[in-house]
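**Student:** Okay, here's the structure, questions in a sec.
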Amino acid sequence: MSWDEWEKLKSATGEGRPTGMRLNGLDGNGGAATGSADLVVNQDDLGAIGHEAYLLHGRLSRDGDHARPSTFDASIALTNGNFTSGSELLKVHDRWNSQLRTLLDACARISNHLDYSKSAHAKDDADIGGRLLSTSKIDEYFK
Numbered sequence: 001m002s003w004d005e006w007e008k009l010k011s012a013t014g015e016g017r018p019t020g021m022r023l024n025g026l027d028g029n030g031g032a033a034t035g036s037a038d039l040v041v042n043q044d045d046l047g048a049i050g051h052e053a054y055l056l057h058g059r060l061s062r063d064g065d066h067a068r069p070s071t072f073d074a075s076i077a078l079t080n081g082n083f084t085s086g087s088e089l090l091k092v093h094d095r096w097n098s099q100l101r102t103l104l105d106a107c108a109r110i111s112n113h114l115d116y117s118k119s120a121h122a123k124d125d126a127d128i129g130g131r132l133l134s135t136s137k138i139d140e141y142f143k
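Shown next as structure tokens:
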């Protein structure tokens, strides 16, 4: 490829727009304006969702276990009375416990992960901000 071919391709691609480096922005046609963030993580939103997961975990721990003792007792009584539904009720009891533990674990993971994400994103934002300041100085030499 000759130098002239390269220049033609470059100008066709740029279509009259400046071809300098653009950080953290898109074209002016409906995209994010230069200087505004493409990816935004709102710390308050993460905290609110994590808090709701924590509250749900507490309510499930307390309220999700009300029927377990009576269901177990009923299944034993039915089994001892030679009713086949006793063993099936015990299966329901066991499945409920399994699903409740899975749901409690999921709520705990969501809460813990969002707390972690919140602090990790704050640290990453500070680190990236520092790096971009030094990179923007380089861009001045390409203009």
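So for the sequence shown, our numbering puts the first residue at 1; every next one is plus one. Where a beta carbon is used, it is the ideal one built from N, C-alpha and C, also for glycine.
(1) Do you know how far the Cα of alanine 53 is from the Cα of alanine 33?
(2) Quick one: grab the DSSP three-state call for histidine 93.
(3) Below 8 Å, how does it come out for the stretch 103-111 and the stretch 69-88: are there three or more Cβ pairs, yes or no?
(4) Distance check for aspartate 124 and glutamate 7, CA to CA, integer angstroms please.
(5) DSSP on asparagine 82, reduced to helix/strand/coil?
(6) Can you look up alanine 74 in the DSSP assignment and give me helix, strand or coil?
(7) Within its chain, find whatever has a CB closer than 8 Å to the CB of asparagine 80; leave out the 5 residues flanking it on each side and keep chain order.
(8) Roughly how many angstroms lie between the CA atoms of glutamate 88 and serine 119, to the nearest whole one?
(9) Got a sec: is the Cβ-Cβ distance from aspartate 94 to anything in chain B below 8 Å?
(10) Is it right to say glycine 50 is buried, meaning 16 or more other beta carbons lie within 10 angstroms of its own, or is it exposed?
(11) Please state if the CB of leucine 46 and the CB of leucine 173 are separated by a distance shorter than 8 Å.
(12) Should serine 75 and leucine 56 be called a contact, given that it needs their Cβ atoms to be closer than 8 Å?
**Tutor:** Walking through what the data contain:
(1) Walking along the sequence shown from the start, residue 33 turns up at place 33. Walking along the sequence shown from the start, residue 53 turns up at place 53. Unreliable placement is indicated for alanine 33, whose pLDDT of 44 sits below 50; no coordinate value is reported for it.
(2) Residue numbering aside, residue 93 sits at position 93 when the sequence shown is read from its first letter. Three-state result, histidine 93: helix.
(3) no
(4) Counting from 1 along the sequence shown, the entry for residue 7 is found at position 7. Counting from 1 along the sequence shown, the entry for residue 124 is found at position 124. Spanning the two alpha carbons is a distance of roughly 38 Å.
(5) For this step, residue 82 is matched to residue 82 along the sequence shown. Three-state result, asparagine 82: coil.
(6) For this step, residue 74 is matched to residue 74 along the sequence shown. Alanine 74 falls in the helix class under three-state DSSP.
(7) As a working mapping, residue 80 is identified with position 80 in the sequence shown. Only Gly86 meet the Cβ criterion.
(8) For this step, residue 88 is matched to residue 88 along the sequence shown. For this step, residue 119 is matched to residue 119 along the sequence shown. Their backbone Cα atoms lie some 47 Å apart in a straight line.
(9) The structure shown contains no chain B; it is built from a single protein chain.
(10) Indexing the sequence shown from 1 puts residue 50 at position 50. When all chains shown are included, glycine 50 counts as buried.
(11) In this structure the chain extends from 1 to 143, so residue 173 is not present and cannot be described.
(12) Stepping through the sequence shown from its first residue, residue 75 is reached at position 75. Stepping through the sequence shown from its first residue, residue 56 is reached at position 56. For serine 75 and leucine 56, no; Cβs fall outside 8 Å.
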